[in-house]
Amino acid sequence: MRYKADEIERIVGKLINKCGRCSPYDIARENNIIVLKIPLGNVYGFYKHIKRNKFIFLNCDIDEQMQLLACSHELGHAVLHPKENTVWLQSFTLFSTNRLEIEANLFALSLLKHVSKFDYFALANLLRIPETIIKTSIGW
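Note that the numbering used here has the sequence shown beginning at 4, numbered continuously upward.
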């Protein structure tokens, strides 16, 4: 299924309302998605669907903010593309042309704008991209 930005925003809103929190870790737990932190080398994280179980693997060697971003992105895959196994290699970019990655990126940005430690300026600095790109991507 293809998702538009406003549909993703609605899905994120429903998940936050259902869970009562906006942390990707809490939302994952509430939806029976297991989050594991392990060494992954140059991979930030990936999502895997194994025998009706959903797993998000995060690189334990990256900083907490990048883990939060990676978890949000991979949670997007788990929610929007539950049967697809994905790998999020080396960098987060808003310039991907892959539909699944674009949708997971929009999901992550939509979720992170509800997390108090993130504003578009902090996220732009973390991703090393201009603030206006984030503001216009999801209407921050």
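Ideal placement from N, C-alpha and C gives every residue a C-beta, glycine not left out. If you're wondering where the values come from, they're calculated on a predicted model, not measured in any experiment.
Limits of the beta strand (DSSP E) - the one that residue i falls within
{"i": "ILE19", "result": "No beta strand (DSSP E) holds ILE19; the alpha helix (DSSP H) holding it covers 8 to 22."}
{"i": "LYS57", "result": "56 to 62"}
Residue i classed as buried or exposed, judged by whether at least 16 other C-beta atoms fall within 10 angstroms
{"i": "PRO27", "result": "buried"}
{"i": "CYS63", "result": "exposed"}
{"i": "ILE11", "result": "buried"}
{"i": "GLU104", "result": "buried"}
Delimiting residues of the alpha helix (DSSP H) encompassing residue i
{"i": "ASN108", "result": "102 to 115"}
{"i": "TRP30", "result": "The sequence given here has Ile at residue 30, not Trp. That run of the alpha helix (DSSP H) goes 27 to 33."}
For residue i, the three-state DSSP class (helix, strand or coil)
{"i": "LEU43", "result": "coil"}
{"i": "HIS80", "result": "helix"}
Cα-Cα separation, residue i to residue j
{"i": "ASN88", "j": "ASN20", "result": "27 Å"}
{"i": "ALA81", "j": "ALA125", "result": "25 Å"}
{"i": "TYR50", "j": "LYS86", "result": "10 Å"}
{"i": "HIS76", "j": "TYR47", "result": "10 Å"}
{"i": "ASN35", "j": "LYS57", "result": "7 Å"}
{"i": "MET69", "j": "ALA107", "result": "15 Å"}
{"i": "ARG5", "j": "LEU43", "result": "30 Å"}
{"i": "LEU224", "j": "ARG55", "result": "With the chain covering 4 to 143 only, the question about residue 224 has no answer from this structure."}
{"i": "ASN101", "j": "HIS52", "result": "19 Å"}
{"i": "LEU114", "j": "VAL15", "result": "6 Å"}
{"i": "ILE65", "j": "ASP29", "result": "20 Å"}
{"i": "LYS116", "j": "GLU67", "result": "16 Å"}
C-beta contact flag for residue i and residue j at 8 Å
{"i": "CYS74", "j": "VAL38", "result": "yes"}
{"i": "LEU83", "j": "PHE110", "result": "yes"}
{"i": "ALA31", "j": "LEU78", "result": "yes"}
{"i": "GLU33", "j": "CYS25", "result": "no"}
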